[in-house]
Structures are given as structure tokens and as C-alpha cells.
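Read through the structure below, which is laid out as C-alpha cells, and then see the notes.
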Amino acid sequence: MPAKPWGGRFRQPTDHRVESFTLSLGFDRRLYEYDIRGSVAHARMLAHVGVLTAAECEQVVSGLEQIKSEIDRGEFEWIPALEDVHMNIESRLTERIGEVGKKLHTGRSRNDQVATDLRMYMRDAADEIIDALLDLQNGLFDIAEREAETIMPGFTHLQVAQPVTVGHHVMAWSEMLERDVQRLFETRRRINVMPLGSAALAGTSFPIDRAYTARELGFEAVSANSLDAVSDRDFVLEFIADAAIVMVHLSRVAEELILWSSESFGYIHIGDAFCTGSSIMPQKKNPDVAELTRAKSGRVFGNLVAMLTVMKAQPLAYNRDNQEDKEPSFDTVDTLLACLEVMTGMVSDIHFQNERLFTAAQQGYATATDLAEYLVGKGVPFRDAHEAVGQAVRYALEQHKDLTDLSLTELQGFRREIEEDVFCRLQIEGSVAVRSHVGGTAPGAVRQSVVDGRARLAAHREALDGLPR
Ligand code: ARG
């Protein structure tokens, strides 16, 4: 059994229950790359300020690099009695390079070390999620372009409201994701602050150069208060909150895809590759990908609540409570990436049933608002127009007719201002065509928003490439 690095003041061995209860190795070994990178930068900084000699630094760095390749190759022997990823790597370093390995932890604590590791991990995770969000947006742009003219019913209260284009609907999803991307970029700036140098809580007596370490590690700033830096996990909260909002958005998209692919709607077919079957009902083809995405939002919301609870009322500075930050963080990243990847695949395999959509858009008196707006154009105050059209709709309902089926004389019975030119406004194509302003549903406006969206996406990708890491 290897000696615990903190064993000096203890007489009795750790109870086996405590050992397994406090163990974090099972999950935090996932941070090894960041832990090693942080240690290399720390060692170089110590040499830079003269705490380590250049030769000692070389030994430490090459030892750490060898350990990294041992872990990469799956040849590293993880020792649970050494608690966590940090002590496993440090202990192996001393085993490999001897006495010099014991100097690495100078001017550092696991408290600032783990906070630094997790911030580096989250910075990469944010970048990966932004990238995946951009991929999904790209898939939505392709649909919007293809279906810029396809007309479908737009809903409020899940009741047919007004005709819209499929392109416009899909671009609404893309707008949600665009804000998610922006949120993650902003959160990333607050993640990318380096705690290293805070040591356990009070800083260190060694002449450290924190700016040097930060440059090595791609941090944009160093933390301004050592107590705060080792203890707060608000960057985790913020990241998971952003992720929870992404999941809200994905769940909304998923829900609509589920509805639309149902027999009753029949708006879309989802390709076989993105559906699964039933073990009893041979005819079934189910939208399980969308359903699981909808449900997995629950995990991420749960992770957010878990982390809020971990942080709530925690006294300064570091407490072991904070070890509980990792599993919700990892699970959030894994869940998001999985959902985004599969949704991106699925949206490339959605086939819109244009005739069915068109028929559905013609039902439900979807152009009643157009008739009211037409009357306003003829000088009728909007409230009066609304009233007259309401009566016309009630009449048409009683006659089991659509508004377009009414004759000019019938329509004039509700407002004498109505003329022959009303019929093109009652057509759903006319209804969407006139909504050509910025943010409107007209095919031209949709195409423009796709052009703008693609330009924004390219700018995001460029920004992502240029970020320090
Ligand atoms: N495994 C610990 C964590 O995840 C590392 C820091 C432990 N620090 C300590 N003083 N026990 O937070």
C-alpha cells in the first residue's frame, strides 16, 4: 500500500469505509490531461522564478510527459488508496524520477490544482458544445433553405393560428441555438480565469509568477482573491445553467418533431436510421431519438439543482463538498454532446410532407387575420374589422365552408368595403408573401435570415479558432 502524501500527522490507517467514501479517482481521472498540463506549467514557472533549477524542471516535465503517455496507452496503474487523480500522478512522478518529484507540489495545493483542472476541462467542453451547436444550426439552415416556400400552419395554444413557412419555423429553432452559443461564449470568459497560485486558500510564500503560468495554460486572467478562487464553483453553475437552457431548447424541437411525425399530424417523415421499432407491434416506427432528447433534459436540470445545492451556504474557503462538482459537470457535457450529435444527424434526415402541410394550413381559418388586415387597408378600424371577420368565420363554420369558399356577396354581407381583390389575400400563399419584413415569415425574409445565419456561424467558428486555450 503506497503511503498517503498527507499521512504524516496520522497514527491510524484510514477506515476502509472512509477510503471508498472519499474516493474520487473513479471520475476525476478524466481530468488527467489537464492535471498534467497544469503541473508542467507550474514546474516551468517554479524554474522561471528560481524555486526549481532548470535541470530539476526538465526532470519533472519529462517525467510528467511519460506519465501522460502511460495513461494515454492505458498502462498507468491507478491506485485507489491515493484518493484522486492529483495524488496518483504526483506519487507516480516520484516513483519514476525520484526525490525531485517531491518538489513539484511547492507553492501549490490540491485546492487550487483541482479548480484549475476543472476550469481547463470546462473551457474545452464549452468549445466542443459551441461547435456542436453550430453543426446543428447548420443542419437547420439547410432545411430552412430547402423549405423556404413550404407553407404549414403556425400555431398558438397548439391551435392553428396563421400560415407560416417551414423555413421560418425552423429558423426560430436556430435563433434559440444562436443565443445558446452566445451564452456559452460569455460563460467561457468567466471560466477562463486561473486559480493556480491560490494554494490551499491563502496564497503562498514562494515568489510565484502567476501571469507566467496563466500564459502557459491559455488563461486570460488570474483570479483576484485566493479564498474565492479555491472555493467558488459558480463557473460550473453558470455552465450547467447554460446547458440546461440548451436542453430546454432541444426538448422543444424534439417535442415538435414527435408531434409532427405522428400519424395525426403527418407533417414529416423521419428517416429509418433515426427511428426505432416496437418489439410487439410490427407496424411501429417510433421517434425515440427525439423522445430521449426530450427526457435527457431532466438529467441536466437535475445536475443544475445538485450543484446549486452543493454551493448553497458553503463557508469559505475550500470544502470537500466541492468534490461533488465533477460528476454533474461530466454528465452534463456528455449528455449535451450526445443529444446535439444525434439531433444533428436526425435533422439531416427529416422529410417534409408538403401537401399535407399545405392542406393543414388551409384549415382552421388561418387567414382570418389577413381578412381583418385587408379591411384595415380599406379604411376600417382594426377593432371593427376584427369583429366583422369574427362574424364571417362563425358564418363559414356554420356553413361548413372555408373563408375562400364564401362568395363576394356573402363576404360583403359582413363589410361592404370588401371587393374582388380580397381573394388573393385569403390564399395562404398571399398571407405569407406579404409578411416580408425583417423577422417575417415570407420566403424572401427566410432566405435572408439563412444568409445572415450562415455569416454569423462563420464568424463564430473563426472566433472559436482564435480563443486562447
Ligand atoms: N479530490 C478533491 C476535489 O475534487 C481534490 C481537492 C482535495 N483537497 C483537500 N483538501 N482534500 O475537490
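Counting from 4, one number per residue, gives the positions in the sequence shown under the numbering used here. Ideal Cβ positions, reconstructed from N, Cα and C, are used throughout, including at glycine.
> From which residue to which residue does the beta strand (DSSP E) around M250 run?
Replying inline: Here residue 250 corresponds to residue number 247 of the sequence shown, with the count starting at 1. No beta strand (DSSP E) contains M250, which is instead part of the alpha helix (DSSP H) from D237 to S264.
>> Is Q326 close to the ligand ARG? I mean its beta-carbon at under 7 Å from any heavy atom of the ligand.
In response: Counting from 1 along the sequence shown, the entry for residue 326 is found at position 323. Checking every heavy atom of the ligand ARG against the Cβ of Q326, one is found closer than 7 Å.
> How many Å lie between N357 and R113 at the Cα?
Replying inline: By one-based count along the sequence shown, residue 357 stands at place 354. By one-based count along the sequence shown, residue 113 stands at place 110. Going from the Cα of N357 to the Cα of R113 covers about 60 Å.
>> the ligand ARG and D31: does the residue's C-beta get closer than 7 Å to at least one heavy atom of that ligand?
In response: Numbered from 1 along the sequence shown, position 28 holds the residue referred to as residue 31. Because some heavy atom of the ligand ARG lies under 7 Å away, the Cβ of D31 counts as near it: yes.
> Is F27 near the ligand ARG, in the sense that its beta carbon is under 7 Å from a heavy atom of that ligand?
Replying inline: Translated into the one-based positions of the sequence shown, residue 27 becomes position 24. The amino acid at residue 27 is misidentified as Phe; the sequence shows Ser. Yes.
>> Buried or exposed, going by whether 16 or more other CB atoms sit within 10 Å of the CB of T338?
In response: Along the sequence shown, one-based indexing puts residue 338 at 335. Classification for T338: buried.
>> Just list the residues that DSSP pairs Q165 with in beta bridges.
In response: If you number the sequence shown from 1, residue 165 lands on position 162. Partner(s): G157.
> Can you tell me where the beta strand (DSSP E) with H108 in it begins and where it stops?
Replying inline: Against the sequence shown, residue 108 aligns to sequence position 105. Element bounds for H108: n/a, residue is neither H nor E.
>> Taking its Cβ as the centre, do 16 or more other Cβ atoms sit within 10 Å of S282, making it buried, or is it exposed?
In response: As a working mapping, residue 282 is identified with position 279 in the sequence shown. Counting Cβ neighbours within 10 Å, S282 comes out exposed, since fewer than 16 surround it.
>> Quick check: the Cα distance between R99 and G66, rounded to an integer number of angstroms?
In response: The count along the sequence shown starts at 1 and reaches residue 99 at position 96. The count along the sequence shown starts at 1 and reaches residue 66 at position 63. If I take the Cα positions, the gap works out to 7 Å.
> Would V239 be called buried (16 or more neighbouring beta carbons within 10 Å of its own) or exposed?
Replying inline: On the sequence shown, residue 239 is found 236 positions in, with the first residue counted as 1. By the neighbour-count rule (16 or more Cβ atoms within 10 Å), V239 is buried.
> How close, in whole Å, do the beta carbons of E93 and P8 come, if the pair is a contact with beta carbons under 8 Å?
Replying inline: By one-based count along the sequence shown, residue 93 stands at place 90. By one-based count along the sequence shown, residue 8 stands at place 5. At roughly 7 Å, the Cβ-Cβ gap stays under 8 Å, so E93 and P8 are in contact.
> Run through DSSP, which three-state label would V313 get?
Replying inline: Numbered from 1 along the sequence shown, position 310 holds the residue referred to as residue 313. In this structure, V313 counts as helix in the three-state DSSP scheme.
> Going by Cα to Cα distance, which pick from H463, L253 and L360 is closest to V163?
Replying inline: Residue 163 sits at position 160 when you count from the first residue of the sequence shown. Comparing Cα-Cα distances from V163 to each of H463, L253 and L360, the minimum goes to L360.
>> Is Y35 near the ligand ARG - that is, is its Cβ less than 7 Å away from at least one heavy atom of it?
In response: Sequence index remark: in the sequence shown, residue 35 carries index 32 (1-based). It does not: the Cβ of Y35 is nowhere closer than 7 Å to a heavy atom of the ligand ARG.
> Taking the runs of the alpha helix (DSSP H) that are 4 residues or longer, which of them lie wholly in the region 356-383?
Replying inline: 357-365 and 371-380
> Any idea if D31 is buried or exposed, counting beta-carbon neighbours within 10 angstroms, 16 or more meaning buried?
Replying inline: The count along the sequence shown starts at 1 and reaches residue 31 at position 28. D31 comes out buried.
> How far does the alpha helix (DSSP H) with H45 in it reach, from first residue to last?
Replying inline: To locate residue 45, count along the sequence shown from 1; it is residue 42. Y35 to H51 is the extent of the alpha helix (DSSP H) around H45.
> Between Q69 and the rest of its own chain, which residues show a CB-CB distance below 7 Å, the 5 nearest in sequence each way excluded?
Replying inline: Stepping through the sequence shown from its first residue, residue 69 is reached at position 66. R99.
> Does the separation of the CB atoms of L139 and V350 fall below 8 Å?
Replying inline: As a position in the sequence shown, residue 139 is number 136, starting the count at 1. As a position in the sequence shown, residue 350 is number 347, starting the count at 1. Against a cut-off of 8 Å, the Cβ pair of V350 and L139 comes out as a contact.
>> I want to know whether the region 35-45 touches the region 74-94 - three or more CB-CB distances under 8 Å.
In response: yes
> Using the rule of at least 16 other Cβ atoms within 10 Å of the residue's Cβ for burial, across every protein chain shown, is F242 buried or exposed?
Replying inline: Within the sequence shown, numbered from 1, the residue matching residue 242 stands at position 239. Under this definition F242 is a buried residue.
>> Within a Cβ cutoff of 7 Å, which residues of the same chain sit near T97, ignoring the five residues on either side of it in sequence?
In response: The count along the sequence shown starts at 1 and reaches residue 97 at position 94. Result list for T97: G104 and K105, in chain order.
> Roughly how many whole angstroms lie between the Cα atoms of L3 and M346?
Replying inline: Since the first residue of the chain shown is 4 and the last is 472, residue 3 is not available in this structure.
> Quick one: what does DSSP say G151 is sitting in, helix, strand or coil?
Replying inline: Residue mapping note: residue 151 aligns to position 148 of the sequence shown, counting from 1. Looking at the sequence itself, residue 151 is Ala, so the reference to Gly does not match. Coil, per DSSP.
> Hey, would you say the C-beta of R323 is under 7 Å away from at least one heavy atom of the ligand ARG?
Replying inline: To locate residue 323, count along the sequence shown from 1; it is residue 320. Yes - the ligand ARG has a heavy atom lying nearer than 7 Å to the Cβ of R323.
>> Judging by CA-CA distance, which residue of R255, Y368, D231 and H354 is the nearest neighbour of N325?
In response: Mapped onto the sequence shown, residue 325 falls at position 322. Measuring from the Cα of N325, the nearest candidate turns out to be D231.
> Terminal residues of the continuous beta strand (DSSP E) containing H19?
Replying inline: The residue you call residue 19 lines up with position 16 of the sequence shown. Looking at the DSSP string, H19 is not in any beta strand (DSSP E); the run it does join, the alpha helix (DSSP H), is H19 to T25.
> In this structure, does DSSP put M174 in helix, strand or coil?
Replying inline: Here residue 174 refers to the residue found at position 171 when the sequence shown is read from its first residue. Note: M174 maps to helix in three-state DSSP.
> Taking K299 as the reference, which of L253, T279 and V233 has the closest Cα?
Replying inline: Taking the first residue of the sequence shown as 1, we reach residue 299 at position 296. Cα-wise, what sits closest to K299 is L253.
> Taking 7 Å as the cut-off, is the CB of H45 close to at least one heavy atom of the ligand ARG?
Replying inline: In the sequence shown, residue 45 corresponds to position 42, counting from 1. Outside the cutoff, so no.
>> Assuming the contact rule is C-beta atoms closer than 8 Å, R236 and M314 should be a hit. Round their C-beta distance to whole Å, please.
In response: In the sequence shown, counting from the first residue as 1, residue 236 sits at position 233. In the sequence shown, counting from the first residue as 1, residue 314 sits at position 311. Rounded, the Cβ-Cβ distance is 6 Å, consistent with contact.
>> Please return the same chain residues whose Cβ sits closer than 6 Å to the Cβ of A203, not counting the five positions on each side in sequence.
In response: Here residue 203 corresponds to residue number 200 of the sequence shown, with the count starting at 1. Closer than 6 Å at the Cβ level, and outside the excluded window around A203, lie S112 and N114.
> For the candidate residues E401, D455 and A84, whose alpha-carbon lies nearest to that of G442?
Replying inline: If you number the sequence shown from 1, residue 442 lands on position 439. Nearest of E401, D455 and A84 to G442, Cα basis: D455.
> Nearest-angstrom Cα distance between T159 and G280?
Replying inline: Counting from 1 along the sequence shown, the entry for residue 159 is found at position 156. Counting from 1 along the sequence shown, the entry for residue 280 is found at position 277. Distance between the alpha carbons of T159 and G280: 32 Å.
> Between the C-alpha atoms of R14 and A6, what's the straight-line distance to the nearest angstrom?
Replying inline: Sequence index remark: in the sequence shown, residue 14 carries index 11 (1-based). Sequence index remark: in the sequence shown, residue 6 carries index 3 (1-based). Spanning the two alpha carbons is a distance of roughly 12 Å.
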